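S.K.: So that we are looking at the same thing, I have put the structure below in structure tokens.
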Amino acid sequence: MKNWVLLRKGGNFTELGKRFGIRPRTAALIRNRDIIGEEAFDRYLNGTIADLYDGMLMKDMDKAVDLLKEKIVEKQSIRIIGDYDIDGVNATYILLEGLKGLGAEVDYDIPDRVRDGYGLNIDLIDRALDDNIDTIVTCDNGIAAREEIAYGKSMGMAVVVTDHHEVPYEEYEDGTRGYLIPPADAVVDIKREDCLYPFKGLCGAAVAYKLVEALYNAMGRDPEDVDYLMENVAIATVGDVMDLTDENRIFVKQGLEMLKRTKNPGLAALMECTGVHTDRLSAYHIGFVIGPCINAGGRLDTARRALELLCAKTKKEADLLAGDLKALNDSRKNLTEEAVKEAVVQVETTGLKEDKVLVVYLPKCHESIAGIVAGRLRERYYKPVFVLTKAEEGAKGSGRSIETYHMYDELSRCKDLLTRFGGHRLAAGLSLPEEKILSLRKKLNENTTMTEEDLTEKVVIDMQLPLCEITEDFVQELSLLEPFGKGNTKPVFARRKLLFRRGRVIGKHQNVLKLEVEDADHTTMDAIFFGDLETFFSCLSQKYGPDAKDHLLYGRGNPILMDVTYYPGINDYMGRRTLQITILDYR
1 MKNWVLLRKG GNFTELGKRF GIRPRTAALI RNRDIIGEEA FDRYLNGTIA DLYDGMLMKD
61 MDKAVDLLKE KIVEKQSIRI IGDYDIDGVN ATYILLEGLK GLGAEVDYDI PDRVRDGYGL
121 NIDLIDRALD DNIDTIVTCD NGIAAREEIA YGKSMGMAVV VTDHHEVPYE EYEDGTRGYL
181 IPPADAVVDI KREDCLYPFK GLCGAAVAYK LVEALYNAMG RDPEDVDYLM ENVAIATVGD
241 VMDLTDENRI FVKQGLEMLK RTKNPGLAAL MECTGVHTDR LSAYHIGFVI GPCINAGGRL
301 DTARRALELL CAKTKKEADL LAGDLKALND SRKNLTEEAV KEAVVQVETT GLKEDKVLVV
361 YLPKCHESIA GIVAGRLRER YYKPVFVLTK AEEGAKGSGR SIETYHMYDE LSRCKDLLTR
421 FGGHRLAAGL SLPEEKILSL RKKLNENTTM TEEDLTEKVV IDMQLPLCEI TEDFVQELSL
481 LEPFGKGNTK PVFARRKLLF RRGRVIGKHQ NVLKLEVEDA DHTTMDAIFF GDLETFFSCL
541 SQKYGPDAKD HLLYGRGNPI LMDVTYYPGI NDYMGRRTLQ ITILDYR
């Protein structure tokens with residue numbers, strides 16, 4: 001059973017509304033997103049590129065800029081080593097474009113997910129040595145590659161690390177931590193304890209962008225020349241599921257506007273290929289349409305294909321690559337559905353379901369979709385989930401977590417069982433010997449201090465809102481809160497005892513419920529529900545009897561009253577605009 005929680009954050013919403021020309025209700029919604037004070041409200045509503053922080057505030061940014069400036073002037077060969085996911089691909093593209101624009105001798109290498117695994121490794125460095133590369137610049141990786149970087153340095157290479165992942169550490173008996181910074185010439189990572197940068201939530205592509213911007217300044221070039229790369233920062237920020245707060249909110253807001261008129265043939269082709277209309281482009285399209293296609297290359301083929309799309313110069317080339325990526329993503333969807341079904345059977349038919357931390361071993365699952373499967377299981381069971389697959393050496397996989405469980409820290413406590421690991425609070429990757437999977441499962445569950453309350457999903461409600469308060473103007477004003485995503489979710493409204501008057505099942509797959517609803521003050525409105533209809537009708541039957549479904553669909557039986565959470569919107573169908581709510585949850 002989910003726990004519904006109503007937010008009650010105080011503030012002078014009438015005054016804030018007058019100050020910013022918005023409704024008091026809208027001011028209350030912004031305050032619910034932990035925005036406090038007029039200055040923060042102004043930044044939230046009106047933040048622009050001018051409000052972004054100076055990248056030179058990052059620890060070691062000065063060292064990275066000085067070294068790369070020297071290498072560019074001396075025409076030394078530079079290699080960017082990125083990652084195979086959406087953040088790593090866009091970070092690689094940003095550095096590649098930025099450095100080329102400054103006249104650098106630069107190329108790139110991206111590890112193969114299966115052959116190389118995540119991050120910098122000895123083979124990647126040896127490949128660079130064979131190609132007479134002088135300097136390596138990592139992006140979206142490198143912070144955990146101490147031995148590999150030491151090897152590169154011993155071979156005479158210069159190494160610059162740009163990353164945003166947690167810094168590995170040793171925990172001492174007194175509970176203190178010793179952070180393990182790799183021996184690179186410069187280590188630019190906002191998660192460094194000694195980094196005083198004001199915002200710690202940037203993705204790898206944003207850190208790369210800050211480096212390019214700082215380099216342009218240092219070399220007497222106008223940083224506005226690389227503003228167009230902000231669209232790649234926006235894609236990576238949403239795709240890597242970073243909090244859409246502070247700088248990230250500005251990056252995504254500005255980047256979406258740039259994407260609507262992008263001059264990048266590859267991005268334009270991908271939006272056309274996937275049916276995304278640029279005039280309606282939102283963070284949703286990046287997260288669920290464009291982003292998965294970019295990720296599909298690194299999952300099922302090679303991330304180079306996605307990078308080639310970003311680098312495409314002609315429409316013909318871009319169309320071909322975009323079509324390939326869409327086809328790969330369609331294949332990925334099918335593989336995911338099969339793996340999720342297998343995982344659910346395993347959880348439901350074994351003792352796994354009783355665990356607070358799920359460790360699921362799917363040896364035949366394609367390792368590239370382990371993280372997606374883990375995410376789907378987390379949604380279903382509301383528990384931290386690790387999905388492991390059989391690899392060339394042992395097992396490897398990905399984890400997805402809930403807010404009350406710090407995945408990276410918990411893996412750190414099990415590092416004696418692991419070959420390799422890294423990540424964040426909410427997501428992680430790991431490798432280990434196959435024979436240690438059961439030990440990992442046991443240790444993770446023995447170590448956890450999560451309570452039943454921690455494992456109860458919370459539905460956070462912004463406010464109770466009668467249907468009569470929903471107007472087209474109010475719906476339009478809600479767009480001021482966009483872009484929506486992690487850390488800046490769509491507002492959730494609630495209404496008690498909503499009368500479900502009549503409904504019908506619609507959609508190509510008959511999986512959408514269209515309703516007419518009425519609340520206590522007799523306001524009627526259309527509603528739509530995209531959730532699990534089987535569970536929904538089962539819930540109705542338990543409360544109102546076996547004829548509840550018939551009453552709803554055919555007008556027979558007792559009236560149905562439900563508490564619902566919802567989001568208001570406008571249904572624009574064949575030129576006719578009507579108010580409608582989307583039901584998010586019910587009880």
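In full-length UniProt numbering, the protein residues as written are 1 to 587. A virtual CB, placed ideally from N, CA and C, is assigned to each residue, including glycine. Just so we're clear, the structure is a prediction, and the values are computed from it rather than from any experiment.
(1) Might you give, ordered along the chain, the residues of its own chain that have their beta carbon closer than 8 Å to the beta carbon of M157, omitting 5 neighbours on each side?
(2) What is the DSSP secondary structure of I122, reduced to helix, strand or coil?
(3) When DSSP labels each residue in this structure, what does N3 get in the three-state scheme?
(4) DSSP three-state call for V73: helix, strand or coil?
(5) Whether or not the region 329–341 and the region 355–369 are in contact is what I'm after, with contact meaning three or more pairs of Cβ atoms, one per stretch, closer than 8 Å; do they touch?
(6) For a test of the three-state rule: what should DSSP assign to C293, helix, strand or coil?
(7) Could you check which residue in L202, A218 and A214 has the C-alpha nearest to that of L244?
(8) Pick out whichever of G545, S439, L45 and R413 has its Cα sitting closest to the Cα of G175.
(9) If you follow the alpha helix (DSSP H) that F199 is part of, which residue opens it and which one closes it?
(10) Under 7 Å Cβ to Cβ from G190, same chain only, skipping five residues before and after it: list those, please.
(11) Apply the 10 Å Cβ neighbour rule to F421 and answer buried if 16 or more other Cβ atoms are within range, or exposed otherwise.
(12) Can the beta-carbon of C311 be found less than 9 Å from the beta-carbon of Y93?
(13) Across which residues does DSSP place R502 in a beta bridge pair?
(14) Hey, out of T449, R304, E166 and E213, whose CA is closest to V89's CA?
(15) Does the Cβ of C468 have 16 or more other Cβ atoms within 10 Å, making it buried, or fewer, making it exposed?
(16) Just the C-alpha distance for A150 and Y216, rounded to the nearest angstrom, thanks.
(17) Just verifying my parser: in three-state terms, what is the DSSP assignment at L426?
(18) DSSP three-state label for Y554, please.
(19) Counting only runs of 4+ residues fully inside the region 25–57, write out the alpha helix (DSSP H) ranges in chain order.
(20) With DSSP as the reference, label R400 as helix, strand or coil.
(21) For the alpha helix (DSSP H) containing I437, list its first residue and its last residue.
(22) Looking only at its own chain, which residues have a Cβ that is under 7 Å from the Cβ of residue 599, when we skip the five neighbours before and after it?
(23) Touch check for the region 508–521 and the region 55–74: three-plus C-beta pairs under 8 Å?
(24) Tell me the residue span of the alpha helix (DSSP H) that contains A205.
(25) If I measure Cβ to Cβ from C139 and keep anything under 7 Å in the same chain, skipping five residues before and after, which residues do I get?
(26) State the Cα-Cα distance for the pair E434 and V360, rounded to the nearest angstrom.
(27) Leaving out the 5 sequence neighbours to the left and right, which residues in its chain are closer than 8 Å to E472 when beta-carbon positions are compared?
(28) Do K153 and V159 have their beta-carbon atoms positioned less than 9 Å apart in this structure?
(29) Evaluate A50 with the Cβ neighbour count: other Cβ atoms within 10 Å of its Cβ, from every protein chain shown; 16 or more gives buried, anything less gives exposed.
(30) Can you find the residues in the same chain that come closer than 8 Å, C-beta to C-beta, to T565, ignoring five residues on each side of it along the sequence?
(31) Would you decide whether F288 is buried or exposed? Buried here means 16 or more other CB atoms lie within 10 Å of its CB.
(32) According to DSSP, simplified to helix, strand and coil, what is G507?
(33) Return the chain-ordered list of same chain residues with a C-beta closer than 8 Å to the C-beta of Y169, the five sequence neighbours on each side being excluded.
(34) Where does the unbroken beta strand (DSSP E) through A158 begin, and where does it stop?
(35) In terms of residues, what are the limits of the alpha helix (DSSP H) holding E308?
(36) Identify the residues that DSSP records as bridge partners of N329: which are they?
M.R.: With the given structure in hand:
(1) Only I125, A128, L129, I133, D134, T135 and I136 meet the Cβ criterion.
(2) helix
(3) strand
(4) helix
(5) Yes, since at least three Cβ pairs between the region 355–369 and the region 329–341 fall closer than 8 Å, the two stretches touch.
(6) helix
(7) L202
(8) Comparing Cα-Cα distances from G175 to each of G545, S439, L45 and R413, the minimum goes to R413.
(9) Looking at the DSSP string, F199 is not in any alpha helix (DSSP H), and its letter there is neither H nor E.
(10) Residue 190 is actually Ile in this sequence, not Gly. Closer than 7 Å at the Cβ level, and outside the excluded window around I190, lie M58, H164, Y197, K200, L202 and V207.
(11) F421 is buried by the Cβ-count criterion.
(12) yes
(13) E516
(14) Here the closest residue by C-alpha is R304.
(15) exposed
(16) A direct Cα-to-Cα measurement between A150 and Y216 gives close to 29 Å.
(17) In this structure, L426 counts as coil in the three-state DSSP scheme.
(18) helix
(19) 38–46
(20) strand
(21) I437 to N447
(22) Missing from the structure shown is residue 599; the chain here goes from 1 to 587 and no further.
(23) no
(24) G204 to A218
(25) I80, G82, G88, A91, T92, L95, T162, G204 and A208
(26) 12 Å
(27) Within the same chain, E472 has close Cβ partners I570, R577 and L579.
(28) yes
(29) exposed
(30) W4, V459, I461, V492, F493, A494, I583, L584, D585 and Y586
(31) Classification for F288: exposed.
(32) coil
(33) R177, G178, Y179, L180 and S412
(34) A158 to D163
(35) A303 to C311
(36) Looking at the DSSP assignment, N329 forms no beta bridge with any residue, so it has no partner.
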